[in-house]
Amino acid sequence: MIEEKSTNNLLELNLRRDEHVELRAGNLGVRLAKNDEERDAARALRYRIFYEEMGAIPSEQAVRTKRDFDDFDQYADYLLVIDYDQSTVMDQVVGTYRLLPQEKADLAGKFYSAGEYDLSALQEYPGRLLEVGRSCIDAKYRGRVAMQLLWEGIALYIFIHRIDILFGCASLPGTNLADHAESLTYLYHAHLAPPALRVTAVPERRVEMVHMDLHSLNHRHALVKLPPLIKGYLRLGGYVGDGAVIDEQFNTTDVAIIVKTELFADKYYRHYERRLRDALE
24 MIEEKSTNNL
34 LELNLRRDEH
44 VELRAGNLGV
54 RLAKNDEERD
64 AARALRYRIF
74 YEEMGAIPSE
84 QAVRTKRDFD
94 DFDQYADYLL
104 VIDYDQSTVM
114 DQVVGTYRLL
124 PQEKADLAGK
134 FYSAGEYDLS
144 ALQEYPGRLL
154 EVGRSCIDAK
164 YRGRVAMQLL
174 WEGIALYIFI
184 HRIDILFGCA
194 SLPGTNLADH
204 AESLTYLYHA
214 HLAPPALRVT
224 AVPERRVEMV
234 HMDLHSLNHR
244 HALVKLPPLI
254 KGYLRLGGYV
264 GDGAVIDEQF
274 NTTDVAIIVK
284 TELFADKYYR
294 HYERRLRDAL
304 E
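All residue numbers for the sequence shown refer to this note's numbering, where the first residue is 24 and numbers rise by one.
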């Protein structure tokens with residue numbers, strides 16, 4: 024037992040020394056971006072998916088540069104899924120997540136989600152915060168492997184940085200509330216965050232989540248209809264905040280997601296311990 028504990032402590036120390044450690048699955052890997060070229064490729068991927076595929080409304084600068092970029096990008100870490108069978112960095116970056124821990128949000132002046140939600144409850148909650156967002160995967164890679172790698176990368180980041188609460192805005196496609204009546208009602212009744220973690224939509228952007236009578240709600244059908252990313256958060260024990268927000272620019276209806284990370288990180292550490300060792304050797 025003493026030897027096992029010592030080995031685990033050594034692994035943890037090595038992880039904290041090298042946060043760019045990479046996990047692999049065949050030709051795909053997941054790690055943090057190491058340089059501006061990789062970060063630029065992530066922004067180009069986001070532009071293609073958000074604006075060219077999903078119908079978001081780009082700014083003049085976004086159209087000119089073919090990049091999705093805002094004021095938070097200069098402070099954030101970029102988690103990347105990389106296809107090593109591709110020959111250029113621009114083609115290699117096939118999935119991404121933007122990660123903004125508390126100390127980097129302080130440099131930016133606030134979290135991105137503060138534009139949609141009052142985050143007071145989270146900021147008063149003891150523990151380290153990590154905001155996640157701007158997630159996307161190239162259409163050719165939207166199978167289980169790439170998404171699983173992104174989850175693994177987030178879990179590793181959580182472990183390295185001792186994150187206690189993960190949160191962010193997750194999206195339902197489109198802005199027609201009638202299309203989301205079942206989903207929003209289900210999320211509110213089945214997964215509303217407890218008061219200590221419950222962020223609330225800012226009054227000027229808030230739309231109510233309950234659009235159906237609870238007795239007529241088919242919970243199983245509503246869960247199946249949810250986007251895979253939201254279902255993934257819920258499987259990790261995630262909650263939603265109070266109120267939804269219409270994001271006209273990105274053509275989405277947003278909900279706040281909050282996840283306490285202790286079970287997520289512990290499960291990941293046990294399951295992937297051998298892969299972490301291999302990555303560090």
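Glycine included, every Cβ here is placed at the ideal spot set by N, Cα and C.
Here's a check: name, in chain order, each residue in its chain whose Cβ is nearer than 7 angstroms to the Cβ of residue 235, leaving out the five neighbours to either side. Taking residue 235 as the centre and dropping the five residues before and after it, the same chain places the C-beta of 204, 205, 208 closer than 7 angstroms to its C-beta, in chain order.
Buried or exposed for residue 284, going by 16 or more other Cβ atoms inside 10 Å? With 16 or more Cβ atoms within 10 Å of its Cβ, residue 284 is classed as buried.
Tell me the DSSP secondary structure of residue 250 in three-state form. DSSP places residue 250 in coil when its eight states are reduced to three.
Run through the DSSP bridge pairs and tell me what residue 181 is partnered with. Partner(s): none; residue 181 has no beta bridge.
Pick out whichever of 210, 160, 278, 152 has its Cα sitting closest to the Cα of residue 240. The residue from 210, 160, 278, 152 with its alpha-carbon nearest to that of residue 240 is 210.
With a CB to CB cut of under 7 angstroms and the five nearest residues on each side skipped, what residues in its chain are close to residue 225? Within the same chain, 139, 140, 141 come within 7 angstroms of residue 225 by CB-CB distance, once the 5 residues on both sides are set aside.
So for residue 190, helix, strand or coil by DSSP? Residue 190 falls in the strand class under three-state DSSP.
Enumerate in chain order the residues of its own chain whose CB-to-CB distance from residue 164 is below 6 angstroms, with the five nearest sequence positions on each side excluded. A distance below 6 angstroms between beta-carbons, with the five flanking residues on each side excluded, links residue 164 to the following residues of its chain, in chain order: 117.
Is it the case that the segment 120 to 131 contacts the segment 148 to 161, given that we only count it when at least three CB pairs across the two stretches are under 8 angstroms? These segments touch.
Just list the residues that DSSP pairs residue 89 with in beta bridges. Beta-bridge pairing links residue 89 to no other residue.
CB contact flag (residue 189, residue 263, <8 angstroms): Not in contact: residue 189 and residue 263 (Cβ atoms no closer than 8 angstroms).
Helix, strand or coil for residue 283? Go by DSSP, reduced to three states. In the structure shown, residue 283 sits in a strand (DSSP, three-state: E or B).
Can you name the start and end residues of the beta strand (DSSP E) that residue 101 belongs to? From DSSP, the beta strand (DSSP E) with residue 101 extends over 100 to 106.
With DSSP run on the structure shown, which of helix, strand or coil describes residue 208? Here residue 208 sits in helix by DSSP.
Give every residue of the same chain whose Cβ lies closer than 8 angstroms to the Cβ of residue 244, excluding the five residues on either side of it in the sequence, and list them in chain order. Spatial neighbours of residue 244 in its own chain (CB-CB distance under 8 angstroms, excluding positions within 5 residues in sequence) are listed in chain order as 205.
With residue 270 as the anchor, note down where its beta strand (DSSP E) starts and where it stops. Counting along the chain, the unbroken beta strand (DSSP E) around residue 270 starts and ends at 267 to 270.
Quick check: the Cα distance between residue 278 and residue 266, rounded to an integer number of angstroms? Going by the C-alpha atoms only, they are around 7 angstroms apart.
Short of 6 angstroms in beta carbon distance, which residues of its chain neighbour residue 150, apart from the five on each side in sequence? Order them along the chain. If the five residues before and after residue 150 are omitted, its C-beta is found closer than 6 angstroms to the C-beta atoms of 187, 188, all from its own chain and listed in chain order.
Give every residue of the same chain whose Cβ lies closer than 8 angstroms to the Cβ of residue 136, excluding the five residues on either side of it in the sequence, and list them in chain order. Take residue 136, set aside five residues on each side of it, and the residues of its chain with a beta-carbon closer than 8 angstroms to its own are 142, 154, 156, 190, 191, 192, 222, 279, in chain order.
Enumerate, from N- to C-terminal direction, the unbroken alpha helix (DSSP H) stretches of 4 or more residues contained entirely within the segment 97 to 162. Listed in chain order, they are 112 to 115, 125 to 131, 143 to 147.
Which one of 71, 56, 60, 238 has the shortest CA to CA distance from residue 212? The candidate whose alpha carbon is nearest that of residue 212 is 238.
Look up residue 277 in the DSSP assignment and give the residues it is bridged to. The partner list for residue 277 (beta bridge, DSSP) reads 194, 268.
Who are the near neighbours of residue 39 in its chain, counting only those whose CB is closer than 8 angstroms to its CB and skipping five residues on each side? Low per-residue confidence applies at residue 39: pLDDT is 48, beneath 50, and the placement is therefore not dependable enough to give any value.
In this structure, does DSSP put residue 46 in helix, strand or coil? It is a strand residue.
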